[in-house]
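To start, the structure itself, in structure tokens.
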Amino acid sequence: MNTHRKLRSSSKLFVPVLGASRSTLRGSAASVPIFGRRSYTTEQPIPTPGSSSEVDPKLAAIVSQIETLTLLQTSSLVTLLKTRLNIQDIAMPVAMSNTGSAAAAPVEEEKPVEKTEFNVKIEKVDAASKAKVIREVKNLAGLNLVEAKKFVESVPKVLKESMPKEDAIKLQKALEALGATVVLE
531 MNTHRKLRSS SKLFVPVLGA SRSTLRGSAA SVPIFGRRSY TTEQPIPTPG
581 SSSEVDPKLA AIVSQIETLT LLQTSSLVTL LKTRLNIQDI AMPVAMSNTG
631 SAAAAPVEEE KPVEKTEFNV KIEKVDAASK AKVIREVKNL AGLNLVEAKK
681 FVESVPKVLK ESMPKEDAIK LQKALEALGA TVVLE
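Numbering (this note's numbering), first residue to last: 531 to 715.
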């Protein structure tokens, strides 16, 4: 058993003497009490970062060089540092006051969010081109011939859901070329 790591469960810590067993350490004078907490007092307060009067000369030189930059150069420097150090932009919260300052700032109109996913819905199918549309629906939806025929005969019905805009437009044009009326929702 390692006697060096044994600590007593009280507010005092004991340092065991080498070669002593646990039973001899419990009440013996062989161990010297050491207090667990130490307090350090200083006559001067601990300086906070950035408040010291002594500045690293290397940092002082960098700051003096930055002070000489134009606004465009400073903006380029910030962009370069963000990309080199992989710093992401964060949105800074803007404090709004209850005074008339909100009326002074022009309010931008919010643009409606452009849809990126569409549902392709077949509205109606011409009777003359029904067979072609059935074959295309069979291939697109992975249905057998009977299921594809029932699908086409029960239109208006959604063929594909949550398709990307480009794919939905391609599918719409292909089905309309075959004689179906298709709507993107």
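In this text, a Cβ means the ideal position worked out from N, Cα and C, and glycines have one as well.
- If you look at P694, you'll find it isn't in any alpha helix (DSSP H); it sits in the beta strand (DSSP E) that goes K687 to P694.
- Annotated three-state conformation of V682 is helix, per DSSP.
- Rounded to whole angstroms, Q702 and T613 show a C-alpha spacing of 42 Å.
- Per DSSP, the continuous alpha helix (DSSP H) segment holding L601 begins and ends at L601 to R614.
- Secondary structure of L673 (DSSP, three-state): coil.
- Taking V713 as the centre and dropping the five residues before and after it, the same chain places the C-beta of K651 and E653 closer than 6 Å to its C-beta, in chain order.
- With contacts defined by Cβ atoms closer than 8 Å, A710 and V676 do not form a contacting pair.
- In the same chain as K679, and ignoring 5 residues on each side of it, the C-beta atoms closer than 7 Å to its own belong to I664, in chain order.
- Scanning its chain for C-beta atoms nearer than 7 Å, with the 5 sequence neighbours on each side dropped, one finds no residue around A707.
- For V593, the enclosing alpha helix (DSSP H) begins and ends at P587 to E597.
- Contact check for K660 and V643: beta-carbon distance about 37 Å, past the 8 Å limit, so the pair fails to qualify.
- DSSP, read as helix, strand or coil, puts E644 in coil.
- Buried is the label assigned to E666, since at least 16 other Cβ atoms lie within 10 Å of its Cβ.
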